[in-house]
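In the numbering used here, the protein residues as written are 267 to 610.
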């Protein structure tokens, strides 16, 4: 999942505030010295103040950016190495800024910093970098929590919309199940027809139950998929072949309900299926992902609702598993990958 950036407005406002707070002791010292007559007001003091403040602001802004808006979690490294990288970046940036402010000071103010002033610069920027690091992490955590709240609200809203849509289109399930049972009794002597009705009844029951569940085990999804495969193979006979090969160690992982079935249905809906061009759909797994793929043989007539099922699956996958459905069309093969999160 892509990193949500801390808003630049927040970064700039924080950097400005930090610059003012760090410069405040120097400002008070200059003001008291001038008011007591110990110092003469001159542009050199103004230049010195503005020079220091500019570096405080730039340093604050850069440290916050480095620690709040860089996606270190995107690196597939162990936590120790990530934190070591963050530490190195912060130390290097501190060293560079201190060297630059000392090197350019004579060019701007016409004099070299004295040793005690260099010590003050080092002390100030070291302490400032520590404070800024924690401020940046707080901004990062706050942004992540806000993004999580927004995603949860979106998920709740989508669930409400799905529930409303189901209520609008709902027919009495008891009536349908009773009708299917009656049909099954009428065709009991026809084994294939009876099995077809039983598979259809199971699928309908699964769809109703899944409307109340966000995630289901892969093994439950495969059981439902096999019922759907039976219906498709009954309909298309030897014009379609759906191969399933899922590693047993992945059967307890979780996926959104109807995920695999909707991808297979997408293949059936949008590709030519004929005696001369039979369709082969493969459902298989690697170590940490499920795949559904088929050769691209676009229908001459575009199927209704094209793309909405895959779009909805992507949204549900992102909200529920914080992961992205990956789609590729290389070598005339339409392939969809469902990455599986590691078990808790």
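Ideal Cβ placement from N, Cα and C applies to all residues, glycine included.
What is the DSSP secondary structure of residue i, reduced to helix, strand or coil?
| i | result |
| --- | --- |
| residue 333 | helix |
| residue 602 | strand |
| residue 367 | helix |
| residue 345 | helix |
| residue 372 | helix |
| residue 407 | helix |
| residue 498 | helix |
| residue 388 | helix |
| residue 272 | coil |
| residue 379 | coil |
| residue 279 | helix |
| residue 436 | Low confidence applies to residue 436: its pLDDT is 49, below 50, so where it sits in the model is not reliable, and the reading given next is rough at best. In the structure shown, residue 436 sits in coil (DSSP, three-state: anything other than H, G, I, E or B). |
| residue 609 | coil |
| residue 417 | helix |
| residue 588 | coil |
| residue 457 | helix |
| residue 427 | helix |
| residue 441 | Only weak support is given to the placement of residue 441: the predicted model assigns it a pLDDT of 48, under 50, and the value that follows is read from those uncertain coordinates. Helix. |
Got a sec? Which residues, its chain only, sit under 8 Å from residue i by beta carbon, not counting five neighbours each side?
| i | result |
| --- | --- |
| residue 560 | 533, 537, 545, 546, 547, 548, 599, 600 |
| residue 496 | 461, 462, 465 |
| residue 384 | 368 |
| residue 509 | 546, 547, 548, 549, 550 |
| residue 351 | 338, 341, 343 |
Does residue i have its Cβ less than 7 Å from a Cβ in chain D?
| i | result |
| --- | --- |
| residue 381 | Within the model displayed, chain D is absent; a lone protein chain is all it includes. |
From the DSSP secondary-structure annotation, give me the bridge partner or partners of residue i.
| i | result |
| --- | --- |
| residue 594 | 601 |
| residue 483 | 520 |
Ordered along the chain, which non-local residues of its own chain (more than five positions away) have a Cβ less than 7 Å from that of residue i?
| i | result |
| --- | --- |
| residue 417 | 585 |
| residue 582 | 522 |
| residue 587 | 607 |
| residue 276 | 405 |
| residue 355 | 332 |
| residue 596 | none |
Assuming contact is defined by CB atoms lying nearer than 7 Å, are residue i and residue j in contact in what I supplied?
| i | j | result |
| --- | --- | --- |
| residue 217 | residue 490 | Since the first residue of the chain shown is 267 and the last is 610, residue 217 is not available in this structure. |
| residue 632 | residue 398 | There is no way to answer for residue 632, as the model of the chain reaches only from 267 to 610. |
| residue 605 | residue 528 | no |
| residue 288 | residue 322 | yes |
| residue 394 | residue 272 | no |
| residue 419 | residue 270 | no |
| residue 557 | residue 603 | yes |
| residue 484 | residue 524 | no |
| residue 372 | residue 378 | yes |
| residue 541 | residue 505 | yes |
| residue 388 | residue 313 | no |
| residue 470 | residue 493 | no |
| residue 281 | residue 334 | no |
Below 6 Å CB to CB, which residues in the same chain sit around residue i once its five sequence neighbours on both sides are set aside?
| i | result |
| --- | --- |
| residue 284 | 326 |
| residue 386 | none |
| residue 480 | 586 |
Unbroken stretches of the alpha helix (DSSP H), 4 residues or longer, contained in the stretch 501-581: 525-536
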